[in-house]
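Protein chains: 2
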Amino acid sequence: MNAFLLTAESTTDGIVERDFTVNGVPGVLWSPESGADHAPLVLQAHGGGNHKKHPAMSGRAAHLVRDCGYHVAVLDAPGHGDRPRTEHDERETAALFAARAAGEPEGPIVVRYNDHLAKLAVPEYRALLDALQQLPEIGTDGPVGFWGINMGTAIGVPFVAAEPRITAAVFGQHWPHVLAEYAKRITVPVEFDLQWDDEHISREEGLALFEAFASAEKSLHVNSGKHKELPRFEVESAVRFFARHLGRAVNASA
Amino acid sequence: MNAFLLTAESTTDGIVERDFTVNGVPGVLWSPESGADHAPLVLQAHGGGNHKKHPAMSGRAAHLVRDCGYHVAVLDAPGHGDRPRTEHDERETAALFAARAAGEPEGPIVVRYNDHLAKLAVPEYRALLDALQQLPEIGTDGPVGFWGINMGTAIGVPFVAAEPRITAAVFGQHWPHVLAEYAKRITVPVEFDLQWDDEHISREEGLALFEAFASAEKSLHVNSGKHKELPRFEVESAVRFFARHLGRAVNASA
């Protein structure tokens, strides 16, 4: 049994925000103020160096809550946000900054560090889903999606590979070295983003990870631009992807 | 001076449809019943074996007219629709059917036949644009887009490469052999569709054509599925692409 504790609640512009911990891991749940009963749920995972309430997380959640009427939840990843950083976190972060300063490839460090974090985070996300499905307004009968880019993909691909309750997922911008083996076990519809001029992830690496998904229905969105230049309109595309696969039409105001 | 003759006009569900000929080439112009003044214009080109009023053309046009308030025009390609077929058309079509029946690659025949048709069609599209910009409700000050997949790309890529009035284009599903050289001269924003399991165009060929565009802003949409299985939602994506680049917000009823 998971220890799920609500720690704060507020409502702004029609969105209910609830802070919680699940087995001590801090997270946030956003829900529509009305009509939330048994609405679909989307689990998000944030990018490296960010946290559960980073504007990328709260902004995507606002789309999903307002336009689709979904519940949306995010956890702080290990070593991120309100969670303690271990000596291992400090060492790997220092190695990443040193590589960046020296103009050396970041990939090998990010791949191994994210793999380490994913091994910790996957059971945390499973416990999160167990706990959220105990809430009467969510329950076990609604569809569940997953949305994570960058480090969110490093956590999400092994999570979705092992989690039959996830029925659609948006991933992107990571290397195939560790993740392709997990992706081969994923068969649900996938939308995958990559940047054509990514200075860290080569085109071949990005395409290899997309290719690895066993999903009969998968879409790849490539955009010109560097690693951090993923266009804002891909957020709206992901929202429409979830609306197609999890149900409930995108709101006219989208 | 081009000979532009209106031959029929009707209005259905808020869309005005006008048949015309420009220098004898038959075409159709769809416009919103109200608010059409100096609205953006999108030129479409149809796929091989189809014609200007094929449901793919009228369906896409209905989105652009209703959701964005644009004018949309299409010509019958040489040897297609209401236009006469030459001996050369008959010979190439027979060669294509023979290759298909024998299970031989269609690419070499399609590439050379579409190149032949494009050389005829490009000046026809230029004359079309000249003529439409003479209409008081279109004029020369509004932005102009181009949308053509399959043979529409074979015509559109050389047309847009030579036509500075086109400011955004949607292409897809063709080979790079002839078109990559033209694509290198295109710098306007491009959205490009390819099918990941296309039985005629290999992934490498599709990616090579996308790569060739010189556009600073370009997006590639890859979907699982065979040549004819381009998902319907790519139509809506293209409409949003034009709304971003030609102006006028996508209608809430989209």
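Order-wise, the sequence lines are chains A and B.
In this text, residue positions in the first sequence follow the numbering used here: the first is 7, and each later residue adds one.
In this text, residue positions in the second sequence follow the numbering used here: the first is 7, and each later residue adds one.
The C-beta atom is built at its ideal place from N, Cα and C for all residues, glycine as well.
In this text, all values refer to a predicted model and were calculated from it rather than measured experimentally.
Between A:ALA214 and A:MET157, the CB-CB gap reaches or exceeds 9 Å.
For the pair A:LYS59 and B:GLU217, the Cα-to-Cα distance works out to about 36 Å. Per the coordinates, the alpha-carbon of A:GLU169 lies some 25 Å from the alpha-carbon of A:GLY55. The C-beta separation of A:PRO38 from A:LEU252 comes to about 14 Å, leaving the pair out of contact by the 8 Å criterion. For the pair B:GLY151 and B:VAL176, the CB atoms are nearer than the 9 Å cut-off.
With fewer than 16 other CB atoms across the displayed protein chains lying within 10 angstroms of its CB, B:HIS44 is exposed. Note on geometry: alpha-carbon atoms of A:ALA9 and A:ALA167 lie some 25 Å from one another. For B:PRO32, the number of other beta carbons within 10 angstroms of its own is at least 16, and it is reported as buried.
Using a Cβ distance threshold of 9 Å, B:PRO149 and B:ALA174 count as a contacting pair. Residue pairing for B:SER16: DSSP places it in a beta bridge opposite B:GLU23. Around A:PHE239, the beta-carbon contacts reaching into chain B at under 8 Å are ARG246 and ARG250. Taking the CA atoms as reference points, B:LEU12 sits about 23 Å from B:ARG91. In terms of Cβ geometry, B:LEU123 and B:ALA62 do not form a close pair [threshold 9 Å]. With respect to chain A, the C-beta atom of B:SER208 has no partner C-beta closer than 9 Å. Between the region 240-250 of chain A and the region 201-212 of chain A, the count of C-beta pairs closer than 8 Å stays below three; the two stretches do not touch. Measuring C-alpha to C-alpha distances from A:LEU200 to each of A:ALA189, A:HIS180, A:PHE219 and A:PRO114 identifies A:HIS180 as the nearest.
Under the DSSP definition of a beta bridge, B:ILE172 partners with B:VAL150. Remark: C-beta atoms of B:ALA68 and B:ILE21 approach each other more closely than 9 Å. With at least 16 other beta carbons inside 10 angstroms of its own, A:PRO182 counts as buried.
With fewer than 16 neighbouring CB atoms inside 10 Å of its own CB, A:GLN140 falls in the exposed class.
Look at A:GLY178 here: in three-state DSSP terms it is strand. Residue environment analysis places B:ALA222 among the exposed positions, since fewer than 16 neighbouring C-beta atoms fall within 10 angstroms of its C-beta. Distances from the CA of A:LEU102 to each of A:GLU130, A:VAL117 and A:GLU197 were compared; the closest alpha carbon is that of A:VAL117.
If you ignore the 5 residues before and after A:ARG97, its C-beta comes within less than 6 Å of no other C-beta in its own chain.
Nearest in C-alpha terms to A:ASP95, of all of A:GLU240, A:ALA186 and A:ILE115, is A:ILE115. Just so you know, the alpha carbons of B:TYR76 and B:LEU35 end up roughly 11 Å apart. Using a Cβ-Cβ cut-off of 9 Å, A:PHE177 does not count as an interface residue toward chain B, since no Cβ of chain B sits closer than that to its own.
When C-alpha distances from A:GLY178 are compared across A:ALA189, A:ALA79 and A:CYS74, the shortest belongs to A:ALA189.
Taking 9 Å as the CB threshold, A:LYS234 stays off the interface with chain B. For a Cβ distance threshold of 7 Å, residue set SER230 of chain A lies close to B:GLU223, ordered along the chain.
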